[in-house]
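Peer 1:
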Amino acid sequence: MTLHKGSLVIFKKKPAVVTACSDKIDIEIAGGGSKSVREKDVTLLHDGPAKLSDLNPLNNPELDDTLEMLAEESVSFEEFAELLYGEFTPVSAWSAWLMLEEGRYFTGDFEAVSARSKEEIEAEQQAELEKEQAKEQRAELIERIRTGNLQSDDFVHMRDVENLALGKTAGSGIMKDLSMEQTPEKAHQLLLKTGVWNCWIDPWPSRAGVLLVNPEFPVPELPEEDREDLTAMEAFAIDDEGNQDPDDAIGYDGQLLWVHIADVAALVTPDSEIDKEAEARGANLYVPEKIVHMLPPGMTEVLGLGLTEESVALSFGISIGDDGTPELKKIVPSKIKVTRLSYEQTEPMLDSGKLKEISNVVSRFHNKRIESGAINIGLPEVKINVVGESSEDKQVVIKPLPSLKSREMVTDAMTAAGMAIALYCDEHEIPIPYAVQPTPDVEITEPDNYAAMLATRKSFSPTSMQMVPGRHFGLGLDAYTRATSPLRRYSDLLVHQQLRAYISGGELMSSDEVSGKIAVADRAAMDLRKTERIANEFWKLVYLQNNPDWTGKAFAVDKMDDRVTLLVPALAYEFKSRLGSKTELNSEFDISINSIQLPGLTARFKFDY
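If you read the sequence shown in the numbering used here, its first letter stands for residue 1, the second for the next number, and so on.
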């Protein structure tokens, strides 16, 4: 066959008819339009004469016979068209080309066409059938989601929505099919609406990208070493009820205030695998439903104070002079006997015995801090726990933390230790991270109402860690380091590692090494603290949603134009509402619940004027 006027050709997979032949080939293309092309741009299908208007694909080809004929041989394209349609015409050539191009039953080119095997054809047909069934099932699933009629078997298909809600993926095929905006918040909303999730699933920690499982390392054996026997001295580990990782205790020997700290550095040496893991995590994660440790939980079992009959500690003997200045007199690895108490249990014990002596000594340091400008903001605090195993018996428990003398005493004792250790390390040139908070640009006085407390908090700069001592404005200290929670914070563990190396004559980490480690740990810890704030807010809203008859007090604590920030002291919860620019700060309102939106972390309240 040769090209001439009237020939049927294929151009870019479309039929065309040659209208003229010269240096170039003029063609009329199916669908309209004409074009001049080179001979190599077209494929001759039939000599013609052909008309595009006649090229309607033929039905009822001799498919079975052709498949049988070509089962073990191949034929030319012209013979292939004749086998299928009994003749070779422009229309049969076009129809045969479509059949060959489809590739379902035949394979080859214009030189040789052969049949695909029966097994290949049946496998493809089955795959197409399954694809069509899957398409139908998907459409039915989407409709059930749209109408809120999901079946239990459908939940597995919502996995991509869950992954988006948890921040594990950037999109969801289900939500795309539903023409929904693909955001974690919208995914969360859809999961709640369809019943795939309930209010007891908090996606925020996962979405934050923080680690949600404990590290898994074997706990090393405690090394054989001399420890000062302080078991004859009463030691008290005082914390919130239910505390699971007691890492500090206090005692008094008649001269020195003793602050005993879990001796984590005895087991976690610098740059060990456990140390690197703790550095990367930065701190424990505390969310109402769980604790995620920076160290293997077995560390707490071995080192937690008061969890065994005798505990090992790194003990600090601190002298607090009449002027309230703490001075570190002794640092010793020790063994102690610890009595564990809650703050509530301790409160009535402060008027007698050893705890009264400790309180009297610590009060001198407290008074020094106040005289030095320490600021107690005093905003309400709460403890939030999610208790219960199944959805049916779970509940959110929110417990306000009262202002107790026992809590203040323990805080002051730990702060005194932080100052004494900071002064000691500075004097002995031990590189450690110091906690520093600059003085605000505005004059600060002790706030006496909620609005003033919030304004004072906003005026404070965040505490930062640096390698030289500096003033910590809020604490009223000229030098301070965090050293009393090495089970919970990596910065505290770093201080312990340096102190242990110093008192044993070992090699200290350099200032640059410590600075590098604290930079890594601080970034991780900041992510944890942000996650904790959001998680606490989430569970407060779950509490309100599950207690629709809740009522309470709210106080106006800040405003910008007509938007007012309100504080609910009983929940330590802040929210904004458009109450108007004339609302006075510290105005008190009776409120009740209007609506709760967990995905957006929003609560709306009714105001009883």
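All C-beta atoms, glycine included, are put in the ideal place defined by N, C-alpha and C.
State the Cα-Cα distance for the pair residue 325 and residue 368, rounded to the nearest angstrom.
Peer 2: Approximately 7 angstroms, taken between the alpha carbons.
Peer 1: Quick one: what does DSSP say residue 418 is sitting in, helix, strand or coil?
Peer 2: Reduced to three states, the DSSP call for residue 418 is helix.
Peer 1: Taking buried to mean at least 16 other C-beta atoms within 10 Å of its own C-beta, is residue 411 buried or exposed?
Peer 2: Exposed, because fewer than 16 other Cβ atoms sit within 10 Å of the Cβ of residue 411.
Peer 1: Only counting the same chain, and skipping five residues up and downstream in sequence, which positions put a Cβ closer than 6 angstroms to that of residue 26?
Peer 2: Cβ neighbours of residue 26 beyond the five flanking positions: 19, 20 and 36.
Peer 1: Output the distance between the C-alpha atoms of residue 257 and residue 406, rounded to the nearest integer angstrom.
Peer 2: One C-alpha to the other measures close to 16 angstroms.
Peer 1: Count the other C-beta atoms from every protein chain shown that fall within 10 angstroms of the C-beta of residue 492, then say buried if there are 16 or more, exposed otherwise.
Peer 2: Label assigned to residue 492: buried.
Peer 1: Check the C-beta distance from residue 472 over to residue 463 and give it rounded, since I have them as a contact under 8 angstroms.
Peer 2: With 8 angstroms as the limit, residue 472 and residue 463 qualify as a contact, their Cβ atoms being about 7 angstroms apart.
Peer 1: Whole angstroms are fine: how far does the CA of residue 386 sit from the CA of residue 395?
Peer 2: Rounded to the nearest angstrom, the two C-alpha atoms are 6 angstroms apart.
Peer 1: Pull up the distance between the alpha-carbon of residue 495 and that of residue 219, whole angstroms please.
Peer 2: Rounded to whole angstroms, residue 495 to residue 219 spans 21 angstroms at the Cα level.
Peer 1: In terms of alpha-carbon separation, which member of 393, 23, 42 and 482 lies closest to residue 7?
Peer 2: The option with the nearest alpha carbon to residue 7 is 42.
Peer 1: Between which two residues does the alpha helix (DSSP H) harbouring residue 288 extend?
Peer 2: Where residue 288 is concerned, there is no enclosing alpha helix (DSSP H), given that its DSSP letter is neither H nor E.
Peer 1: In whole angstroms, what separates the C-alpha of residue 205 from that of residue 537?
Peer 2: The alpha-carbon atoms of residue 205 and residue 537 are separated by roughly 12 angstroms.
Peer 1: What does a CB cutoff of less than 6 angstroms around residue 81 pick up in its chain, not counting 5 residues either side in sequence?
Peer 2: For residue 81, where only same-chain residues beyond five positions count, the Cβ hits under 6 angstroms are 88, 92, 93 and 96.
Peer 1: Determine the extent of the beta strand (DSSP E) in which residue 612 is found, giving its start and end residues.
Peer 2: The question about residue 612 has no answer, for the chain in this structure spans 1 to 609.
Peer 1: Between the stretch 312-320 and the stretch 415-427, can you find at least three pairs of beta-carbon atoms closer than 8 angstroms?
Peer 2: Flag = yes, the stretch 415-427 and the stretch 312-320 touch.
Peer 1: Cβ atoms of residue 249 and residue 303: under 8 angstroms apart, would you say?
Peer 2: Not a contact, by the Cβ cut-off of 8 angstroms.
Peer 1: Quick check: the stretch 282-292 against the stretch 446-455, are at least 3 beta-carbon pairs closer than 8 angstroms?
Peer 2: Touching, no, given that fewer than three Cβ pairs across the two stretches are closer than 8 angstroms.
Peer 1: Within 10 Å of its beta-carbon, does residue 560 have 16 or more other beta-carbons around it, so buried, or fewer, so exposed?
Peer 2: Per the 10 Å Cβ criterion, exposed.
Peer 1: Taking Cβ positions, are residue 314 and residue 482 nearer each other than 8 angstroms?
Peer 2: Not closer than 8 angstroms, so no.
Peer 1: Name, in chain order, the residues that DSSP records as bridge partners for residue 603.
Peer 2: Residue 603 pairs with 596.
Peer 1: What's the call for residue 196, buried or exposed, on a 16-neighbour Cβ count within 10 Å?
Peer 2: Classification for residue 196: buried.
Peer 1: Run through the stretch 72-154 for me and flag every whole beta strand (DSSP E) of 3 or more residues, listed as ranges in chain order.
Peer 2: Fully enclosed beta strand (DSSP E) runs of 3 or longer: 106-108 and 113-115.
Peer 1: Going straight from the alpha carbon of residue 222 to that of residue 245, what length do you get?
Peer 2: Cα-Cα distance, rounded: 18 angstroms.
Peer 1: Please state the DSSP three-state secondary structure of residue 536.
Peer 2: In the structure shown, residue 536 sits in a helix (DSSP, three-state: H, G or I).
Peer 1: Looking at the unbroken beta strand (DSSP E) that takes in residue 552, where does it start and where does it end?
Peer 2: It spans 551-560 - the beta strand (DSSP E) in which residue 552 sits, taken as one unbroken run.
Peer 1: Assign residue 469 to buried or exposed, taking buried as 16 or more other Cβ atoms, counted over all protein chains shown, within 10 Å of its Cβ.
Peer 2: Buried, by the Cβ-count rule.
Peer 1: Rounded to whole angstroms, how far is the Cβ of residue 431 from the Cβ of residue 467, which I believe are closer than 8 angstroms?
Peer 2: Contact holds; Cβ gap of about 6 angstroms.
Peer 1: Terminal residues of the continuous alpha helix (DSSP H) containing residue 457?
Peer 2: Element bounds for residue 457: 450-459.
Peer 1: Just to confirm, is the Cβ distance from residue 541 to residue 598 under 8 angstroms?
Peer 2: Cβ atoms of residue 541 and residue 598: closer than 8 angstroms.
Peer 1: Per DSSP, what kind of secondary structure is residue 480 in: helix, strand or coil?
Peer 2: Coil.
Peer 1: For residue 214 and residue 268, which I take to be in contact (beta-carbon distance under 8 angstroms), what is that distance rounded to the nearest angstrom?
Peer 2: Actually they do not touch by this definition, with Cβ atoms about 15 angstroms apart.
Peer 1: Can residue 374 and residue 475 be called in contact, C-beta distance under 8 angstroms?
Peer 2: Yes, they are a contact pair.
Peer 1: Give the DSSP bridge partners of residue 567, in chain order.
Peer 2: 555 and 574, per the DSSP bridge assignment.
Peer 1: Could you give the DSSP three-state label for residue 384: helix, strand or coil?
Peer 2: Strand at residue 384.
Peer 1: For residue 53 and residue 188, I'd like the C-alpha separation in whole angstroms.
Peer 2: About 56 angstroms.
Peer 1: Taking the continuous alpha helix (DSSP H) assigned at residue 313, which residues delimit it?
Peer 2: Residue 313 -> not in any alpha helix (DSSP H); beta strand (DSSP E) instead, spanning 311-320.
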